[in-house]
Amino acid sequence: MAGLKIMLAGQGSQLYFLARAFQAKGHLVTIVCKDAGECAWLSRRLKALVVCGDASLPRLLGEAGAAEMDVVLAATPRDADNLLICQSAAHQFGVKRTLALVNDPELEPVMRELGVDGGFSMTQVLSGLIERRVESAAVLNLIPLGQGEVNLTEVQLDTASPAAGRTLVELGLPEDSLIACVFRNGRPLVPRGGTELLAGDKLVVMTLPGNYARVLRLLTGERR
Amino acid sequence: MSPVRLGGDSRFVVVVGCGRLGSYIADTLSRQGHSVVVVDRHAAAFSELSGEFSGFFVEGDATEVAVLRQAKLDKADALIAATEDDAVNMLVAQVGSSHFKVKKVLARVFDRNREDLCSRLGIETVCPSDVVGDIFLSALTGPREGS
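Same order as they appear, the protein sequences are chains A and B.
Numbering-wise, the first sequence is residues 522 to 745 according to this note's numbering.
Numbering-wise, the second sequence is residues 0 to 146 according to this note's numbering.
The following block contains the structure:
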């Protein structure tokens, strides 16, 4: 699906990369951002329409063209604002799809109860949209550290995993990647080269953006 | 008189936000013999409460579900969202009625422009400027009415 009208409300580099990813896919992006300096920066770098202001105010949402949007994504740092933006977009401007970033994972199901169907935890959105990687059942969690230079990923091995039954040495992980910890039967162990990985192990894996895909393929066998 | 709260007057009320409004409501309810839990992000805010306040404090961000649970919101008869922040009050009110099934929920909402959305969402609101404005207007016009 290309050519969607997407509104992004929020701030920070995350917003910029989301906007860029959407534009690369041929969508029309409108950004609403509170910070005037950041708005200027964004409008220099993106072809998007950038509106400076508080998206949780219905009037500003209206001025930014909420009524014409196919999707509104609320990605401010505050859960309360994100809920409000989505509800305002849906109820006052008839936007069909609203997505909210949620910090408190417990709010995710609550938001669904409140009619905001797309509550996403930061990690899912970052992995799914910014990095544009396919979601996988084997990847339980992805935490970008620093400015996203390092990823911590939780990976569950099953019997189909090519890594199951092999030692770390046999696995031959690329440079600058590390299996930092293995949870086996609920107990953590720090693996060494001779440690054999087993189906059912939960691994905490450290990668860089450049080798993430290769490491995940070695561990789960899935292409991404 | 029935000793249980259903028939009696004593209620359990959770007040979110311990500013001037929240502390006033919490103090008054506590003095009237109700059970009160006050939630605020900053422990220092609880000094707003009078020495007679006999309820409980919970320090934490009320937009975090765990904090509301810690305040025993699931047991509350009523919830008053009285922080300085409309968005927080609206979220807390909705989580209170939809997730914790609190029967009586009130939210302070400063911005009149949000009232339309609140009524669509079924949030019962109190808008301070409307309330105070009406008092001013009636004080101005009341005695002279008809002249």
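For each residue, glycine too, the CB sits at the ideal point set by N, CA and C.
Bounding residues of the alpha helix (DSSP H) (the contiguous stretch that carries residue i)
i, result
"residue 631 of chain A", "628-634"
"residue 14 of chain B", "Run containing residue 14 of chain B: none in the alpha helix (DSSP H); it sits in the beta strand (DSSP E), 11-15."
"residue 559 of chain A", "557-566"
"residue 107 of chain B", "It is not in any alpha helix (DSSP H) - residue 107 of chain B instead sits in the beta strand (DSSP E) that spans 103-107."
"residue 691 of chain A", "689-692"
"residue 39 of chain B", "Per DSSP, residue 39 of chain B belongs to no alpha helix (DSSP H); it is in the beta strand (DSSP E), 34-39."
"residue 130 of chain B", "127-140"
"residue 637 of chain A", "Premise fails: residue 637 of chain A is in no alpha helix (DSSP H) and is neither H nor E."
"residue 594 of chain A", "Premise fails: residue 594 of chain A lies in the beta strand (DSSP E), 592-596, not in any alpha helix (DSSP H)."
"residue 116 of chain B", "114-120"
"residue 45 of chain B", "Looking at the DSSP string, residue 45 of chain B is not in any alpha helix (DSSP H), and its letter there is neither H nor E."
CB of residue i within 8 Å of CB of residue j, strictly
i, j, result
"residue 569 of chain A", "residue 550 of chain A", "yes"
"residue 714 of chain A", "residue 736 of chain A", "no"
"residue 34 of chain B", "residue 52 of chain B", "no"
"residue 69 of chain B", "residue 57 of chain B", "yes"
"residue 722 of chain A", "residue 63 of chain B", "no"
"residue 120 of chain B", "residue 94 of chain B", "no"
"residue 85 of chain B", "residue 109 of chain B", "yes"
"residue 725 of chain A", "residue 673 of chain A", "yes"
"residue 729 of chain A", "residue 670 of chain A", "yes"
"residue 555 of chain A", "residue 535 of chain A", "no"
"residue 622 of chain A", "residue 97 of chain B", "no"
"residue 89 of chain B", "residue 61 of chain B", "no"
"residue 585 of chain A", "residue 615 of chain A", "no"
"residue 80 of chain B", "residue 92 of chain B", "yes"
Residue i, enclosing beta strand (DSSP E) - first and last residue
i, result
"residue 727 of chain A", "723-728"
"residue 709 of chain A", "708-710"
"residue 674 of chain A", "671-677"
"residue 543 of chain A", "Premise fails: residue 543 of chain A lies in the alpha helix (DSSP H), 533-545, not in any beta strand (DSSP E)."
"residue 621 of chain A", "618-623"
"residue 570 of chain A", "570-573"
"residue 552 of chain A", "549-554"
"residue 585 of chain A", "Segment: none, residue 585 of chain A is in no beta strand (DSSP E) and carries neither H nor E."
"residue 56 of chain B", "55-58"
"residue 705 of chain A", "699-705"
"residue 72 of chain B", "Unbroken run through residue 72 of chain B: none, as it is neither H nor E."
For residue i, the nearest candidate out of the options (CA to CA)
i, options, result
"residue 613 of chain A", "B:77, B:113, B:104", "B:113"
"residue 583 of chain A", "A:611, A:628, A:686, A:532", "A:611"
"residue 553 of chain A", "A:528, A:546, A:617, A:543", "A:528"
"residue 537 of chain A", "A:724, A:596, A:621, A:703", "A:596"
"residue 719 of chain A", "A:703, A:534, A:630", "A:703"
"residue 546 of chain A", "A:556, A:534, A:524", "A:524"
"residue 40 of chain B", "B:14, B:137, B:32", "B:14"
"residue 593 of chain A", "A:698, A:557, A:548", "A:548"
"residue 541 of chain A", "A:563, A:559, A:631, A:557", "A:563"
"residue 18 of chain B", "B:122, B:92, B:49, B:123", "B:49"
"residue 71 of chain B", "B:12, B:140, B:138", "B:12"
"residue 127 of chain B", "B:140, B:138, B:83, B:141", "B:83"
"residue 701 of chain A", "A:740, A:716, A:727, A:591", "A:727"
"residue 740 of chain A", "A:566, A:693, A:557", "A:693"
"residue 717 of chain A", "A:685, A:598, A:695", "A:685"
"residue 731 of chain A", "A:580, A:695, A:606", "A:695"
"residue 660 of chain A", "A:742, A:688, A:580, A:617", "A:742"
"residue 16 of chain B", "B:111, B:141, B:42, B:118", "B:42"
"residue 705 of chain A", "A:675, A:698, A:560", "A:675"
Residue i: CB within 7 Å of a non-hydrogen atom of the ligand FMN
i, result
"residue 55 of chain B", "The ligand FMN is not among the ligands present in this structure, which contains no ligands whatsoever."
Beta-carbon separation (whole angstroms), residue i vs residue j, contact threshold 8 Å
i, j, result
"residue 608 of chain A", "residue 116 of chain B", "6 Å"
"residue 54 of chain B", "residue 37 of chain B", "6 Å"
Min CB distance residue i to chain D below 8 Å
i, result
"residue 579 of chain A", "Given the protein chain composition of this structure (A and B), no chain D is represented."
Meets three-Cβ-pair contact criterion under 8 Å: the region 566-582 of chain A and the region 593-603 of chain A: yes
Three-pair Cβ contact test at 8 Å for the region 632-641 of chain A versus the region 669-681 of chain A: no
Cβ contact check for the region 22-30 of chain B and the region 705-714 of chain A: 3 or more pairs under 8 Å: no
The region 69-81 of chain B touching the region 92-112 of chain B, judged by at least three CB pairs closer than 8 Å: yes
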